[in-house]
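Chemist:
Protein chains: 2
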Amino acid sequence: MKVAYELVNARREKLAQMLQDQAYIPISNVCSQLNISEATARRDLAFLEANQRIVRTYGGALVEYNQKFPSFLERQQVELKGKKKLAKVARDLIIPKSTCFFDAGTTIYALAFELKQKPVEGVKIVTNSLPIAELMTGVQGIEVHLLAGQYLHRQGVIFGEATVKTVRFYDIDDAFMSAEGFDQKGLWNSDATVVEFQRQVIRQSSRKVFCLGAEKMGKRAPVFLSDWGNVNVLISDAISSDLPVYSQAQFKGKIFSI
Amino acid sequence: MKVAYELVNARREKLAQMLQDQAYIPISNVCSQLNISEATARRDLAFLEANQRIVRTYGGALVEYNQKFPSFLERQQVELKGKKKLAKVARDLIIPKSTCFFDAGTTIYALAFELKQKPVEGVKIVTNSLPIAELMTGVQGIEVHLLAGQYLHRQGVIFGEATVKTVRFYDIDDAFMSAEGFDQKGLWNSDATVVEFQRQVIRQSSRKVFCLGAEKMGKRAPVFLSDWGNVNVLISDAISSDLPVYSQAQFKGKIFSI
DNA sequence: TATTTTATGATTGACTTCAGTCATATATTG
DNA sequence: CAATATATGACTGAAGTCAATCATAAAATA
Chain A
1 MKVAYELVNA
11 RREKLAQMLQ
21 DQAYIPISNV
31 CSQLNISEAT
41 ARRDLAFLEA
51 NQRIVRTYGG
61 ALVEYNQKFP
71 SFLERQQVEL
81 KGKKKLAKVA
91 RDLIIPKSTC
101 FFDAGTTIYA
111 LAFELKQKPV
121 EGVKIVTNSL
131 PIAELMTGVQ
141 GIEVHLLAGQ
151 YLHRQGVIFG
161 EATVKTVRFY
171 DIDDAFMSAE
181 GFDQKGLWNS
191 DATVVEFQRQ
201 VIRQSSRKVF
211 CLGAEKMGKR
221 APVFLSDWGN
231 VNVLISDAIS
241 SDLPVYSQAQ
251 FKGKIFSI
Chain B
1 MKVAYELVNA
11 RREKLAQMLQ
21 DQAYIPISNV
31 CSQLNISEAT
41 ARRDLAFLEA
51 NQRIVRTYGG
61 ALVEYNQKFP
71 SFLERQQVEL
81 KGKKKLAKVA
91 RDLIIPKSTC
101 FFDAGTTIYA
111 LAFELKQKPV
121 EGVKIVTNSL
131 PIAELMTGVQ
141 GIEVHLLAGQ
151 YLHRQGVIFG
161 EATVKTVRFY
171 DIDDAFMSAE
181 GFDQKGLWNS
191 DATVVEFQRQ
201 VIRQSSRKVF
211 CLGAEKMGKR
221 APVFLSDWGN
231 VNVLISDAIS
241 SDLPVYSQAQ
251 FKGKIFSI
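Chains as they are written, first to last, in the working numbering: chain A, 1 to 258; chain B, 1 to 258.
1) Could you check whether the Cβ of residue 143 of chain B sits closer than 8 Å to any Cβ belonging to chain A?
2) Helix or strand or just coil, what does DSSP make of residue 43 of chain B?
3) Between the alpha carbons of residue 78 of chain A and residue 107 of chain A, how many angstroms are there, rounded?
4) In the DSSP assignment, find the beta strand (DSSP E) that holds residue 257 of chain A and state where it starts and stops.
5) Compute the Euclidean distance between the alpha carbons of residue 269 of chain B and residue 135 of chain B, then round it to the nearest angstrom.
6) Skipping 5 residues on each side, what residues in its chain have a beta carbon closer than 6 Å to that of residue 211 of chain A?
7) Just the chain B side, please: which residues come within less than 7 Å of residue 149 of chain A by C-beta, in chain order?
8) Return the bridge partner residues of residue 273 of chain A from the DSSP annotation.
9) Run through DSSP, which three-state label would residue 57 of chain B get?
10) Could you spell out where the beta strand (DSSP E) holding residue 158 of chain A opens and where it closes?
11) Can you round the beta-carbon distance between residue 133 of chain A and residue 148 of chain A to whole angstroms, since I take them to be within the 8 Å contact cut?
12) Judging by CA-CA distance, which residue of B:184, B:155, B:146, B:187 is the nearest neighbour of residue 168 of chain B?
13) Starting from the C-beta of residue 75 of chain A, find all residues in its chain whose C-beta is less than 6 Å away, skip the five residues before and the five after it, and write them out in chain order.
14) What is the residue span of the alpha helix (DSSP H) that residue 116 of chain B lies within?
15) Which chain B residues are close to residue 137 of chain A, counting only those with a beta carbon under 7 Å from its beta carbon?
16) Give me the Cα-Cα distance between residue 221 of chain A and residue 215 of chain A, rounded to the nearest whole angstrom.
17) How big is the Cα-Cα spacing for residue 129 of chain A and residue 101 of chain A?
18) Residues in the same chain with beta-carbon distance under 8 Å from residue 61 of chain B, minus the five sequence neighbours each way, listed in chain order, please.
19) Indicate whether at least one CB of chain A lies closer than 8 Å to the CB of residue 202 of chain B.
20) Is the shortest distance between the beta-carbon of residue 169 of chain B and the beta-carbons of chain A less than 8 Å?
21) Between residue 132 of chain B and chain A, is the shortest Cβ-Cβ distance under 8 Å, so that the two count as touching?
22) Helix, strand or coil for residue 6 of chain A? Go by DSSP, reduced to three states.
23) Going straight from the alpha carbon of residue 17 of chain B to that of residue 239 of chain B, what length do you get?
24) Please report the straight-line C-alpha distance between residue 254 of chain A and residue 233 of chain A, rounded to a whole angstrom.
25) Our contact map puts residue 267 of chain B next to residue 189 of chain B with C-beta atoms below 8 Å; I'd like the distance itself, whole angstroms only.
26) Leaving aside the five residues before and after residue 12 of chain A along the sequence, list all residues of the same chain whose C-beta is less than 7 Å from its C-beta, in chain order.
27) When you compare the CB of residue 66 of chain B with every CB in chain A, is at least one pair closer than 8 Å?
28) Chain B partners of residue 58 of chain A, CB-CB under 7 Å?
29) Can you find a C-beta in chain A that's less than 8 Å from the C-beta of residue 165 of chain B?
30) Give the DSSP-derived three-state secondary structure of residue 197 of chain A in the structure shown.
31) Name the chain A residues that come within less than 8 Å of residue 158 of chain B, Cβ to Cβ?
32) Measure the alpha-carbon distance for residue 15 of chain A versus residue 38 of chain A and round it to whole angstroms.
33) In whole angstroms, what separates the C-alpha of residue 30 of chain B from that of residue 42 of chain B?
34) Determine the chain A residues that contact residue 104 of chain B at a beta-carbon separation under 9 Å, and present them in chain order.
35) What span of residues does the alpha helix (DSSP H) with residue 29 of chain A cover, start to end?
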């Protein structure tokens, strides 16, 4: 039998709440606590997952982690595999006792993940990404510094005017960054304020390392970030002869094509 | 075949680590990532559960929420009850569209908790406490701004030189703060850098609201924070006639004694 | 070196979860 | 009021998970 929309929504809200409190609830409990059948319980979970409120697991669902960086986690799961290769190469470029900036986004998150597996001694990481900060914190021999700014829940990122200002406090050796697209002209991103921030980072870093997946090659995004003259190291899994930097006198960096 | 203890422990440690990073891992992934059989994977999970490092779920395992801010959550649970009363009073002092600084610590966390229950429209919260930021983020009509600095995992706090510097970017209406002790002379805290930071906040806030539990009355801590002249509002559950401010000509603020 | 201990993988059967299909009752819409 | 849309529960087979048992090989111990 059909049931009023309100009731359905209220129940789903309650389920979301329950998951928040209990972190994990077996399906059977969901049924008994809400007095619904297994089928409906599953449908409710599916709904909440579709709305990115939870992450389903075999036998239940997770809120907690997902709630923190909802969209972030999603992207991560899909793309992490391909980025692992880039990340491993980038990881080996990190110098002991250096200060590194880690850009927000899944590409650099993968790098952070590799660094955690194989830490480099005395490294200071400066970032505006909370997932990266939480991943790296507590790792022996590594210091995490967060930038100031508004905490944007969905992206798990700290951002705003203050972020651009505070990055000036840091003297960065290596900046590990990514972009949404790259072509002969250079690097592109979709948000103007993000680009402004990234430019500030570029200005203040002795070495700029860009990790760019092959899928981004030839693509442009609305805002131009930088030409190839600012790139010291390019890491990509695109076929090396296809890389736009080959036709660039500008580019004087090193290429890791894998 | 038997395997050296070291290897077993190392593998279990790695598994615990993996769970911390990924929050949830299906058994099948555990097997493939560690190159062990299902049986062993289960045994490892059982071990970690016995040591209270994880909570098992059907099909995988969860790292306890507690692990995130270990010491912080501990304190919170013990003391939250008494602080709820103070928090409710403080909550009602918050003005729509104002910018509020929220001090790190359990007392102000309780305030954040109350504010979440009953949000005030258009409030901007500036804080260096990650538990508070994560609690408040996503609440309708409330913006969260984090300060820069080193991320101290155990305390869940952002702190350091940069924290003091970045707080200057903000024009704070109301600062909600606490201290470890208070007496006739004024307020006390145990850490010199924390005090330096708090003084900066005091300098920049139009109104200074201190929430001080009765158990802190008459106590001193190593570092002097401020005399009563800087306190605009005092909220405490101590008996009002006992409060040291009564013998203070300095004190011109308002008292909420409950 | 010989003996004991134990970490492991394979196997088993019971149990749980899952996605899909279908009939039905009720809300919603026209 | 009639027609439509849809939320639900029951049922299904397939797949995943679990705890227990057992043989084995390598580490630990004597």
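The C-beta atom is built at its ideal place from N, Cα and C for all residues, glycine as well.
Modeler: So, to answer that:
1) yes
2) helix
3) Note that residue 78 of chain A has pLDDT 41, beneath the 50 cutoff, so the model's placement of it is unreliable and no number is given.
4) Counted as a single uninterrupted DSSP element, the beta strand (DSSP E) harbouring residue 257 of chain A occupies residues 254-257.
5) No answer is possible for residue 269 of chain B: it lies beyond the span of chain B, which begins at 1 and ends at 258.
6) Leaving aside the five residues that flank residue 211 of chain A on each side, the residues in its chain whose CB is nearer than 6 Å to its CB run, in chain order, 86, 90, 107, 178, 235.
7) 145, 146
8) Chain A is shown only over 1 to 258; residue 273 of chain A falls outside these bounds and no answer can be derived.
9) strand
10) 157-159
11) Not quite, the Cβ-Cβ distance comes to about 13 Å (not below 8 Å), so this is no contact.
12) Of the residues B:184, B:155, B:146, B:187, the one whose Cα lies closest to the Cα of residue 168 of chain B is B:146.
13) Residue confidence is low: residue 75 of chain A scores 47 on pLDDT, short of 50, so the model does not pin down where it sits. Its coordinate-derived value is still stated next. These residues qualify, in order along the chain: 106.
14) 106-117
15) 151, 153
16) 13 Å
17) 10 Å
18) 19, 24, 25, 45, 48, 49, 54, 55
19) Taking a beta-carbon distance threshold of 8 Å, residue 202 of chain B does not count as an interface residue toward chain A.
20) yes
21) Not an interface residue.
22) helix
23) 48 Å
24) The alpha-carbon separation between residue 254 of chain A and residue 233 of chain A amounts to approximately 5 Å.
25) Absent from the structure is residue 267 of chain B, since the part of chain B shown begins at 1 and ends at 258.
26) 44, 47, 48
27) Because the pLDDT of residue 66 of chain B is 43, which lies under 50, any placement of that residue in the model is unreliable, and the question is left without a value.
28) Listed along chain B are 26, 58, 59, 60, each with a C-beta nearer than 7 Å to that of residue 58 of chain A.
29) Yes, contact with chain A.
30) helix
31) 146
32) 13 Å
33) So the alpha carbons of these two residues sit roughly 9 Å apart.
34) Under the 9 Å cutoff, chain A gives no residues; its nearest Cβ is about 14 Å from residue 104 of chain B.
35) 27-34
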